[in-house]
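Student: Residues in the sequence shown are numbered consecutively from 1, following full-length UniProt numbering.
The beta-carbon is built from N, C-alpha and C at its ideal position, and this holds for glycine as well.
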Amino acid sequence: MKTTKILVPIDGTERSMHSLDFIKNIYEPGDIEVTIMNVKELVFVDGISMSDEIKNSEKFGRELLEKAREVMDGYDVSLYFTFGYAGDEIVKRAKNDDVEIIVMTKSTKTGLTRIIGSCTSYVLKHTTSTVMVIPE
Numbered sequence: 001m002k003t004t005k006i007l008v009p010i011d012g013t014e015r016s017m018h019s020l021d022f023i024k025n026i027y028e029p030g031d032i033e034v035t036i037m038n039v040k041e042l043v044f045v046d047g048i049s050m051s052d053e054i055k056n057s058e059k060f061g062r063e064l065l066e067k068a069r070e071v072m073d074g075y076d077v078s079l080y081f082t083f084g085y086a087g088d089e090i091v092k093r094a095k096n097d098d099v100e101i102i103v104m105t106k107s108t109k110t111g112l113t114r115i116i117g118s119c120t121s122y123v124l125k126h127t128t129s130t131v132m133v134i135p136e
């Protein structure tokens, strides 16, 4: 039986971790391959990125991914950390890995784009994968 490839972007908020619980409630461990990713946007000041900030951001991102892996114990999980614009990186990873489903949590903000979040809105417009938006 073919396994379904699922991409789960997480940002460190409690609500983004709800996507993992949602997946566990729907799929059995042998039915899916899960890639959990974290994207840290780089901020440049006068064209210079702060190297300590980069190191700390990557350390935080990798620790976050390891916590997510623990939540998905028993599942086929790979972790991916990168710097860049989250929407672009999610779309690129989904395409490169032939991901069938991207699971994201909705924003807590109000307004049409803010209901699902600007990043989720971007992904919806630019991916060919199915996007599941999970309420918090």
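Along the alpha helix (DSSP H) that carries Val123, what are the first and last residues, could you check?
Tutor: Ser118 to His126 is the extent of the alpha helix (DSSP H) around Val123.
Student: Identify every residue that forms a DSSP beta bridge with Val133.
Tutor: Met104, per the DSSP bridge assignment.
Student: Rounded to a whole number of angstroms, what is the C-alpha to C-alpha distance between Glu53 and Ile90?
Tutor: Their Cα atoms are separated by approximately 22 Å.
Student: What is the DSSP secondary structure of Lys40, counted as helix, strand or coil?
Tutor: In the structure shown, Lys40 sits in a strand (DSSP, three-state: E or B).
Student: Let me know if Ile26 comes out buried or exposed under the rule of 16 or more other beta-carbons within 10 Å of its beta-carbon.
Tutor: Exposed, since its Cβ has fewer than 16 Cβ neighbours within 10 Å.
Student: For Glu66, does the three-state DSSP call read helix, strand or coil?
Tutor: It is helical.
Student: Taking a contact to mean a Cβ-Cβ separation below 7 Å, would you say Ile134 touches His18 in this structure?
Tutor: Cβ atoms of Ile134 and His18: closer than 7 Å.
Student: Between Ile10 and Lys2, what straight-line distance do the alpha-carbon atoms span, to the nearest angstrom?
Tutor: Their Cα atoms are separated by approximately 25 Å.
Student: The alpha helix (DSSP H) with residue 139 in it runs from where to where?
Tutor: Because the chain here runs from 1 to 136, residue 139 falls outside it and cannot be looked at.
Student: Decide if Lys40 is buried, meaning its Cβ has at least 16 other Cβ atoms within 10 Å, or exposed.
Tutor: Buried, by the Cβ-count rule.
Student: Hey, quick one: how far does the beta strand (DSSP E) through Asp88 stretch, first residue to last?
Tutor: Taken as a continuous stretch (DSSP letters only), Asp88 belongs to no beta strand (DSSP E), being part of the alpha helix (DSSP H) at Ala86 to Asn96.
Student: Based on DSSP bridge pairs, tell me the residues matched to Ile6.
Tutor: Answer by DSSP bridge pairing, in chain order: Val34 and Ile101.
Student: Starting from Tyr80 and walking both ways along the beta strand (DSSP E), at which residues does that stretch end?
Tutor: Per DSSP, Tyr80 belongs to the beta strand (DSSP E) from Asp76 to Phe83.
Student: Residues in the same chain with beta-carbon distance under 6 Å from Cys119, minus the five sequence neighbours each way, listed in chain order, please.
Tutor: Only Ala86 and Gly87 meet the Cβ criterion.
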